[in-house]
Amino acid sequence: MEEGRSDSVYSSGEEDLFAKQSLMRLRNAARWREQTQYISFEPALLVFCFAMSISEVVLANHIILQTCAVEGFDRADCQLLNTDSNSSQRATIETQVQPVAANVTMVIVIIKSVVPALSALLLGVLCSFVLLTALTFLSMQVTMTPWYYTVAYLPFSLLGGMTVITAAAFSYLSDVTNEQTRTMRMGFMEASMMAGALLGFLASSYIVEWLNVAATFLIASVLIALAIAYVALFTEDSIILGSNNSAMEKLRDLLSCERLRELSGTFFMRRAGYVREILWLIVLLTGLTELAGGSGGVFYLFTRRKFGWDLKQFSYFQFTDVLIIIFGNVIGIPILKQLLHCSDTTVAIVSIACYIVDSLIVGFASSGWMLYLAISLTALKGTDGAALMTICSTILPAGDMAKFFTMALSLTAVVPLVSAPLFTVVYNATIETAPQVFNFVAAGVFGAALLLMLYQTPPRLERKYRYLILEPAVLLIFFAWNVSSAVFANQIVYQTCTAAFGKNESLCDQLGTENETEEVQQLEKAVQPYSANILMAKSLVESIIPALGSMFIGPWSDRYGRKPVIVSCFTGSFLTYSIVALISFLSMYYTINPWYYVLASIATALSGGTCALITGVFCYIADVTEEKNRATKMAIVEAAVFTGLLAGTLSSSFILRWTNGTTVFTIAACSVLFGLLYIIFYIEESIKPNELSVGNNRARELFRLDLVSELMQTCFKRRPNYDRLIIWLVILALAANIFAMDGSQTVFLLFLRERFEWTVKDYSYYDATAIVFMIVGNTAGLYVLRKLFNPSVTVLAALGYCCYAINSSVQALASEPWHLYMGTALCFMKGIAGPMSRAVISNTAPANDIGKIFSLTTSIESITPLFSAPLYTFVYKSTLSWYPGAFNLITATVYFTCACLMIFAKIFQSMYQTTTYTSIN
324 MEEGRSDSVY
334 SSGEEDLFAK
344 QSLMRLRNAA
354 RWREQTQYIS
364 FEPALLVFCF
374 AMSISEVVLA
384 NHIILQTCAV
394 EGFDRADCQL
404 LNTDSNSSQR
414 ATIETQVQPV
424 AANVTMVIVI
434 IKSVVPALSA
444 LLLGVLCSFV
454 LLTALTFLSM
464 QVTMTPWYYT
474 VAYLPFSLLG
484 GMTVITAAAF
494 SYLSDVTNEQ
504 TRTMRMGFME
514 ASMMAGALLG
524 FLASSYIVEW
534 LNVAATFLIA
544 SVLIALAIAY
554 VALFTEDSII
564 LGSNNSAMEK
574 LRDLLSCERL
584 RELSGTFFMR
594 RAGYVREILW
604 LIVLLTGLTE
614 LAGGSGGVFY
624 LFTRRKFGWD
634 LKQFSYFQFT
644 DVLIIIFGNV
654 IGIPILKQLL
664 HCSDTTVAIV
674 SIACYIVDSL
684 IVGFASSGWM
694 LYLAISLTAL
704 KGTDGAALMT
714 ICSTILPAGD
724 MAKFFTMALS
734 LTAVVPLVSA
744 PLFTVVYNAT
754 IETAPQVFNF
764 VAAGVFGAAL
774 LLMLYQTPPR
784 LERKYRYLIL
794 EPAVLLIFFA
804 WNVSSAVFAN
814 QIVYQTCTAA
824 FGKNESLCDQ
834 LGTENETEEV
844 QQLEKAVQPY
854 SANILMAKSL
864 VESIIPALGS
874 MFIGPWSDRY
884 GRKPVIVSCF
894 TGSFLTYSIV
904 ALISFLSMYY
914 TINPWYYVLA
924 SIATALSGGT
934 CALITGVFCY
944 IADVTEEKNR
954 ATKMAIVEAA
964 VFTGLLAGTL
974 SSSFILRWTN
984 GTTVFTIAAC
994 SVLFGLLYII
1004 FYIEESIKPN
1014 ELSVGNNRAR
1024 ELFRLDLVSE
1034 LMQTCFKRRP
1044 NYDRLIIWLV
1054 ILALAANIFA
1064 MDGSQTVFLL
1074 FLRERFEWTV
1084 KDYSYYDATA
1094 IVFMIVGNTA
1104 GLYVLRKLFN
1114 PSVTVLAALG
1124 YCCYAINSSV
1134 QALASEPWHL
1144 YMGTALCFMK
1154 GIAGPMSRAV
1164 ISNTAPANDI
1174 GKIFSLTTSI
1184 ESITPLFSAP
1194 LYTFVYKSTL
1204 SWYPGAFNLI
1214 TATVYFTCAC
1224 LMIFAKIFQS
1234 MYQTTTYTSI
1244 N
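Take any residue in the sequence shown, count from 1 to its spot, add 323: that is its number in our numbering.
Printed below as a string of structure tokens:
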């Protein structure tokens, strides 16, 4: 490092100010740490959260009962809602009462979150609970509308609310802790809050059962009064205060507009480095998690509707959930920080990922025990708050922390203004058909938060040290591809039946279902050849233009960068899915010929298609990785592909069943859009700025013929030993792999429908199982093989192709559905064939030739569907009546040929090594 140079993100003046403030803060903190090493105001927070939790679920349940009475139901019938009965009468009452109760709860959440002003903390809570006690006592005597309960929360909001409580707590801990202990201390603070909530959830149902609702709120009021007394008597201030100002002057200063200007100035002030950007990203991230957390407002109603839970069962679940989160904060954070040496950013990423998994499992749950499974697998989902606040307190000067926490928490406090109505509207709209849909909305919001979290660190870090680069975007686009592929084929069959064959919709709706009649089966055989032609045309459109364009794209990207190529591919895919969604929507009202879907593929073809996407992604990976870890990184990219395919497969049939094809295609378009935004805002160009060419018109440069000439010279030039032959053997193997894969995919769903009478749901389960096995093979299987036997990447590629050949043979000979699952299980290593083959090329060719070779490789791969799609379609149509699985034998033969090509490549590599050894001696 040069003399006088600093790696700090602050300027020298800011650094001096930061140092002075930190020194004063450390002196003050030393005094308090002697008294508050482990406990300061945590008992007050524990009691406060206990009081809140014993009343929260009780209030939600009481609002439902009050709504039932106000809606005109008999009180005896309303008491059914307090039982775990699954009778039709209770379901009818719940359906009518829950939307009104959800609206009342929504207004309460908005009042608690939007109105709060900076003021008296716990005093407002006490006033609110006194009012709630009075209201619930009155409701026991007369029938009273539940909307009055919203008024009781006005004192809580006007005198501070959770915004001020949380801001004060985090600021206090920032004052009395150092950077080494702050994360764990904040984790302990959240654990104490959760412990209070845990005890409250456990005790609430028993208190109501032994006493009544009014007594429950009275107990909560007394406990909050005790918490106020504890704070007033036993908690010292963490800041050394001057005694010059009177109480009236302090109150006048609190309400001064100067405080607002000072606070907003601190939040928006320009800071050196990327400090301001990181702070804003954390605020946005917190807002997204709060937005997704708005699903809690309808979660109790959901468990009543979906699983018939009563108050006690829900309390047990909440108790278990909070207990597991406490263990996650108390045990998980020290393990992540002390043993695994994870950064605060990593802790937050793990937490948000757990939230996503939890929401998805709850959304797919069909029994109550699955909810317990979800919270058991996601114990670390409560650790993000402590980690994010620690990041802020680490990079902020001590004098700005309280202002920032107040402003940030005030901004996130208005999020329920959006989240409460959003989840209430979604739940009310789907309560009769699919009440679990709101969980998938929450998972999507958490997913957006995860994307933000992955790149909240300063861009000054080198890309090659990031664990994830393009993987999130690749996962999203392949999710879109797989969530829509089977539904798209199904939509083509349906519209062929209605538009091309003129059949009525009721008859066409039976295609691909489990209760097909003889008439429908004959119609299926008539419709399938026509549908196969449309799918073949779509495949050809998406192959011809990209195959030609890829030969220009590779050399062009060497000069002008990889990022424009990837952005172009995502843009084309987004337009394609949007057009497909539009055509599908119009087909619900008009008779539209299914051939119009082929036009939607033109956008993908003109933007480069899969060919350009693969070229851009693998060239990018080659740019930012070293040779020793390139094969592993390519396997990780392939695992991201499989993960996206898996998620798409698992969700497609459920989304189609709950909604329709238009919704599926819209979700696919949104998924690609998220990936596009991720690339635009968070992916940097992999080629250094001084290596990029500067041209007046980059689009015109793309179609220069000398680029193709340069590509051909690179791919065909003589190389030492057998390098050129090895490269071409691998290129041919990759091309043959795509030939078999794309050709088989064209007719595979039609084959399953004909041979085993599978529906889209059956196919989704099988495809998901196959992808899971491939993910295991690409990760655990590859790791074990390399550790135990240390084979070369060429041998691993040959093994992958052999597994493909065996799997295709099993599919050809299968007479029962379980035979297909057996073949998938036996050939779980087949997914390593592609990434290991590309690793052979990248390890054989010089670094400056990899882009051009990959470009030619993907061009050849894109040409193969020109031959495979017509061949497989012709074979399937010709053998449909007597042996519909014959095309699998062609696939097995092609994969066996790929394995032979890789074996030959290994032989020539061995000859090269022997020759080199001899020349050295």
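A virtual CB, placed ideally from N, CA and C, is assigned to each residue, including glycine.
- Contact check between the region 1098-1109 and the region 1161-1169: fewer than three CB pairs, one atom from each, fall below 8 Å, which does not count as touching.
- In the three-state DSSP reduction, Cys831 falls in the helix class (H, G or I).
- With contacts defined by Cβ atoms closer than 7 Å, Ala796 and Leu969 do not form a contacting pair.
- The C-beta separation of Ala945 from Ile1176 comes to about 10 Å, leaving the pair out of contact by the 8 Å criterion.
- In the three-state scheme derived from DSSP, where H, G and I count as helix and E and B as strand, Cys401 is classed as helix.
- Burial state of Arg398 is exposed, judged by a 10 Å Cβ sphere holding fewer than 16 other Cβ atoms.
- The alpha-carbon separation between Gln833 and Ser808 amounts to approximately 20 Å.
- Per DSSP, Tyr1144 is one residue of the alpha helix (DSSP H) stretching across Pro1140 to Leu1149.
- Boundaries of the alpha helix (DSSP H) harbouring Asp1065: Asp1046 to Phe1079, taken from the DSSP string.
- Its chain contains Ile857 and Ala860 as the residues whose beta carbon lies nearer than 8 Å to that of Trp918, once the 5 sequence neighbours on both sides are disregarded; these appear in chain order.
- Using a Cβ-Cβ distance cut-off of 8 Å, the region 1031-1040 and the region 922-939 are not in contact, since fewer than three pairs of beta carbons, one from each stretch, lie closer than that value.
- Taking C-beta atoms under 8 Å as the contact rule, Val890 and Leu793 fail to qualify, at a distance of about 12 Å.
- Apart from sequence neighbours up to five positions away, the residues of its chain that approach Ser854 with a beta-carbon distance below 8 Å are Ala812, Ile815, Val816, Thr819, Pro917 and Leu1073, ordered along the chain.
- The C-beta distance from Tyr750 to Leu624 rounds to 7 Å, short enough to meet the 8 Å contact threshold.
- In this structure, Ala1121 is the residue among Ala1121, Met1145, Phe1197 and Thr1147 with its C-alpha nearest to the C-alpha of Gly1157.
- Just measuring C-alpha positions, the residue of Ser910, Gln851 and Phe893 sitting nearest Glu828 is Ser910.
- With a beta-carbon spacing of about 5 Å, Thr1181 and Ile937 fall inside the 8 Å limit used to define contacts.
- By the neighbour-count criterion, in which a residue is buried when 16 or more other Cβ atoms sit within 10 angstroms of its Cβ, His664 is exposed.
- Glu842 counts as exposed, since fewer than 16 other C-beta atoms from the protein chains shown sit within 10 angstroms of its C-beta.
- Using a 10 angstroms sphere on the CB of Met693, the tally of other CB atoms stays under 16, which defines it as exposed.
- By the Cβ neighbour-count rule, Trp1141 is exposed, with fewer than 16 other Cβ atoms within 10 Å of its own.
- Residue Arg1076 holds the alpha-carbon nearest to the alpha-carbon of Val850 among Arg1076, Tyr553 and Asp1046.
- Taking the Cα of Thr539 as reference, the smallest distance to any Cα among Ser527, Ala548, Ala550 and Leu549 is reached at Ser527.
- Counting along the chain, no alpha helix (DSSP H) covers Asp1172, and no H or E run does either.
- Gly971 places its beta carbon 7 Å or farther from that of Asn762.
- Where Ile815 is concerned, the enclosing alpha helix (DSSP H) starts and stops at Glu794 to Gln818.
- Contact between the region 1115-1129 and the region 1207-1226 is present: 3 or more CB-CB pairs across the two stretches fall below 8 Å.
- Distance from the CA of Ala1063 to the CA of Gln1232, rounded to the nearest whole angstrom, comes to 26 Å.
- The C-alpha of Val621 lies about 7 Å from the C-alpha of Phe746.
- Look at Asn1113 here: in three-state DSSP terms it is coil, with no helix or strand label.
- By the neighbour-count definition (other C-beta atoms within 10 Å, threshold 16), Ser699 is an exposed residue.
- The straight-line gap separating the alpha-carbon atoms of Ala803 and Ser994 is approximately 6 Å.
- Counting C-beta atoms within 10 angstroms of its own C-beta, Met1234 has fewer than 16 neighbours from the protein chains shown and is therefore classed as exposed.
- The alpha-carbon of Thr1216 is positioned some 35 Å away from that of Phe988.
- Per the coordinates, the alpha-carbon of Glu532 lies some 54 Å from the alpha-carbon of Leu1143.
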